[in-house]
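Residue numbers (this note's numbering), protein chains in the order written: chain B, 1 to 236; chain P, 1 to 262.
Every residue gets a Cβ at the ideal spot worked out from N, C-alpha and C, and that includes glycine.
None of the values given here were measured: they were computed from a predicted structure.
Below: one structure, written as structure tokens.
Listed below in structure tokens is the structure:
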């Protein structure tokens, strides 16, 4: 089976988990009370993941690679909604402001969670590029939000089977359904009370949501990320 | 309302079930993948699929029958609701028809994969023995039950993901249903918020707020990956609990479902 050939032996996985847990505790002790770094797109590099000479960030391999993959997507989403709230589009209603602020906070929490959990294995902060978005225009902002949320859902759905550790799998499950809730409500803002919240464009004839592999997702988000990212060593 | 009856039904699994499921799964894979692949790629993919199918455990059949029981419940609920004249205001009919369509598809998908080993459809009582007297004539009650069933479904699938970790194909299918249920839940919650004029009911679950209480029990957890993240990024506990949906165990889910099973 691919799974067993691509993941460390159980003793190694267990050691890795213990290492992560230790890193987590250290991080949280150290950073308790630190305020959100909203708006800061560069979150700080770390020595284990200095940029390659060609400036490509390697997500890594195994479960760490998948967690970094999720961290990259959450960085993108958090940066996006931070900008959306910082420069609200014309005519943003109070309800829309409330929804988008909640989503921003959820994505920042996801980002900071992955950063903390990965510790010294975390990729650096990514530089984003939202030059294609008109932040003053509702349709532009919500249209890109829809793409990000649907992409996030399909990415987590596709990454599930690449995860070796059941604890990490559960964590991904806890986050993907929140991304799906975001996706549904963004879609409903664009086309209220239609079938779009769980539309036929993202569900198949078995009522299944999309699942996409990293090599489908990374090119799709590449136009929004200036930093070059490589998922070449991710589990397949 | 007999929880032991459901558990019995789910545990009616014999050794033959594994073979039947593998057969059915290989067939569904052929259908699914042959649409998307060039002819040249099919043989290699099929070899992978066959190997994956043989890795399925009897535990996977348990999970599928557990999921099928929940989908039966949701499917019948929306079939009755969508057929009830005067229940659903016209502005919301498209939404509930779309949800109902998916639940029907989920039943057919799971029952098809299980073949002869699929559990029988239980007999449902959506009034829960009179606790919800008018589920199909009172729209508020209907939406209330809808949001509770969808949130329960999300938590139920999530709780089973780990049991499918050695069955990657089935795990992916389960995740693909799981996120559709979450989309349903978000919209059902938005409608409940709207018709009740209650902005505190959000598309996402805040703390463990919500009713029935057992559907939302434990959703205020802030320990993630073994670490209490309360206070992370300077965000409120409300936001932190919204950002993570929590699982329910099979027993917790069956205790909820059993309220609606005769």
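| Residue of 100(B), 178(B), 91(B) and 171(B) minimising C-alpha distance to residue 137(B) | Nearest of 100(B), 178(B), 91(B) and 171(B) to residue 137(B), Cα basis: 91(B).
| message | Can you pull out the residues from the region 209-238 of chain P whose beta carbon lies closer than 7 angstroms to at least one beta carbon of chain B? | response | Close to chain B, meaning a Cβ-Cβ distance shorter than 7 angstroms, are the following residues of the region 209-238 of chain P: 224, 225, 226, 227, 229, 231, 232, 233, 234 and 235.
| said: Less than 8 angstroms between the beta carbons of residue 154(B) and residue 211(B), yes or no? | reply: At a Cβ-Cβ threshold of 8 angstroms, residue 154(B) and residue 211(B) count as neighbours.
| Neighbour flag for residue 113(B) against chain P, beta carbons, 8 angstroms | Closer than 8 angstroms to the CB of residue 113(B) there is at least one CB belonging to chain P.
| query | Closest by CA to residue 135(P), which one among 77(P), 151(P), 171(P) and 95(P)? | reply | Nearest of 77(P), 151(P), 171(P) and 95(P) to residue 135(P), Cα basis: 77(P).
| Near-chain P residues of the region 73-86 of chain B - C-beta to any C-beta below 7 angstroms | For chain P, none of the residues of the region 73-86 of chain B brings a beta carbon within less than 7 angstroms of one of its beta carbons.
| Looking only at C-alpha atoms, which of 169(P), 141(P) and 183(P) sits nearest to residue 154(P)? | Ranking 169(P), 141(P) and 183(P) by Cα distance to residue 154(P) puts 183(P) first.
| Do the CB positions of residue 161(P) and residue 169(B) come within less than 8 angstroms of each other? | Result yes, Cβ atoms of residue 161(P) and residue 169(B) sit closer than 8 angstroms.
| query | In chain P, which residues lie less than 9 angstroms from residue 157(B) when you measure between Cβ atoms? | reply | By Cβ distance, chain P contributes 172, 175, 176, 178 and 179.
| Between residue 81(B) and the rest of its own chain, which residues show a CB-CB distance below 7 angstroms, the 5 nearest in sequence each way excluded? | Excluding five sequence positions before and after residue 81(B), the CB atoms of its chain that fall closer than 7 angstroms to its own CB belong to 100, 103, 104 and 107, given in chain order.
| query | What separation, rounded to the nearest whole angstrom, lies between the Cα atoms of residue 76(B) and residue 250(P)? | reply | Distance from the CA atom of residue 76(B) to the CA atom of residue 250(P), rounded to whole angstroms, is 35 angstroms.
| said: Within 8 angstroms of any Cβ in chain P, is that where the Cβ of residue 194(B) sits? | reply: By this cut-off, residue 194(B) is an interface position.
| Taking residue 113(B) as the reference, which of 73(B), 143(B), 186(B) and 131(B) has the closest Cα? | The shortest Cα separation from residue 113(B) among 73(B), 143(B), 186(B) and 131(B) belongs to 73(B).
| Taking C-alpha atoms, which residue in 164(P), 131(P), 128(P) and 107(P) lies nearest to residue 269(P)? | Outside the displayed span of chain P (1 to 262) sits residue 269(P), for which this structure offers no information.
| Minimum length 4: unbroken alpha helix (DSSP H) runs contained in the region 133-212 of chain P | Those alpha helix (DSSP H) runs which fall completely within the region 133-212 of chain P and span 4+ residues are 139-160 and 168-196.
| message | For a contact defined as C-beta to C-beta under 9 angstroms, what are the partners of residue 197(P) on chain B? | response | Those do not exist, as residue 197(P) stays about 12 angstroms from chain B at its closest Cβ, beyond 9 angstroms.
| Local Cβ density within 10 Å of residue 332(P), reported as buried at 16 or more and exposed below that | The shown model of chain P, from 1 to 262, leaves out residue 332(P), and the question about it has no answer.
| task | Give the secondary structure of residue 120(B) by DSSP, where H, G and I count as helix, E and B as strand, and everything else as coil. | result | It is helical.
| message | Less than 8 angstroms between the beta carbons of residue 188(P) and residue 185(B), yes or no? | response | Cβ distance not < 8 angstroms, so residue 188(P) and residue 185(B) don't count as in contact.
| query | In three-state DSSP terms, what is residue 221(B)? | reply | Helix.
| query | Which whole-angstrom value is the C-beta distance of residue 93(B) and residue 233(B), which I expect to be below 8 angstroms? | reply | Taking C-beta atoms under 8 angstroms as the contact rule, residue 93(B) and residue 233(B) fail to qualify, at a distance of about 45 angstroms.
| query | For residue 203(P), is the classification buried or exposed, using 16 other Cβ atoms within 10 angstroms of its Cβ as the cut-off for buried? | reply | Counting Cβ neighbours within 10 Å, residue 203(P) comes out buried, since at least 16 surround it.
| query | Considering residue 58(B), what are the terminal residues of the beta strand (DSSP E) in which it resides? | reply | Note, residue 58(B): beta strand (DSSP E), 56-58.
| task | Throw me the rounded Cβ distance for the residue 115(B) and residue 71(B) pair, which I believe falls under 8 angstroms. | result | Going by Cβ atoms, the distance from residue 115(B) to residue 71(B) rounds to 6 angstroms, so yes, they are a contact pair.
| said: For residue 198(P), count the other beta carbons within 10 Å of its own beta carbon; 16 or more makes it buried, fewer makes it exposed. Which is it? | reply: In this structure residue 198(P) is exposed. Its beta-carbon is surrounded by fewer than 16 other beta-carbon atoms within 10 angstroms.
| request: Look at the alpha carbon of residue 111(P) and the alpha carbon of residue 169(P), and state the distance between them as a whole number of angstroms. | output: Approximately 16 angstroms between the Cα atoms of the pair.
| message | Does any residue of chain P have a CB that is nearer than 8 angstroms to the CB of residue 108(B)? | response | Flagged as an interface residue toward chain P: residue 108(B), by a C-beta distance shorter than 8 angstroms.
| Which residue's Cα is closest to the Cα of residue 111(B): 85(B), 131(B) and 78(B)? | Answer by Cα proximity: 78(B).
| task | Would you identify the three-state DSSP class for residue 124(P), choosing helix, strand or coil? | result | Here residue 124(P) carries a strand assignment [DSSP, helix/strand/coil].
| query | Assuming residue 257(P) and residue 69(P) make a contact with CB atoms under 8 angstroms, what is their CB distance in whole Å? | reply | Contact flag correct, Cβ pair sits at about 7 angstroms.
| request: Determine the contact status of residue 147(P) and residue 203(B), defining contact as a CB-CB distance below 8 angstroms. | output: Contact: no.
| query | Is it true that the CB of residue 142(P) sits closer than 8 angstroms to the CB of residue 73(P)? | reply | The answer is no: Cβ separation not under 8 angstroms.
| said: Using a Cβ-based criterion (distance less than 7 angstroms to any ligand heavy atom), does residue 74(P) qualify as near the ligand ATP? | reply: Within the structure as shown, the ligand ATP is missing, as the structure has no ligands at all.
| request: Please name the residues in the region 239-256 of chain P whose beta-carbon is closer than 8 angstroms to at least one beta-carbon of chain D, in chain order. | output: No chain D is part of this structure, whose protein chains are labelled B and P.
| Per-residue burial, residue 200(P) [other beta carbons within 10 Å of its own, 16 or more giving buried] | Burial call: exposed.
| Among residues of its own chain, excluding the 5 on either side of residue 66(B), which ones have a beta-carbon nearer than 6 angstroms to its beta-carbon? | Listed in chain order, the non-local C-beta contacts of residue 66(B) below 6 angstroms within the same chain comprise 159, 162 and 163, local neighbours out to five positions each way being set aside.
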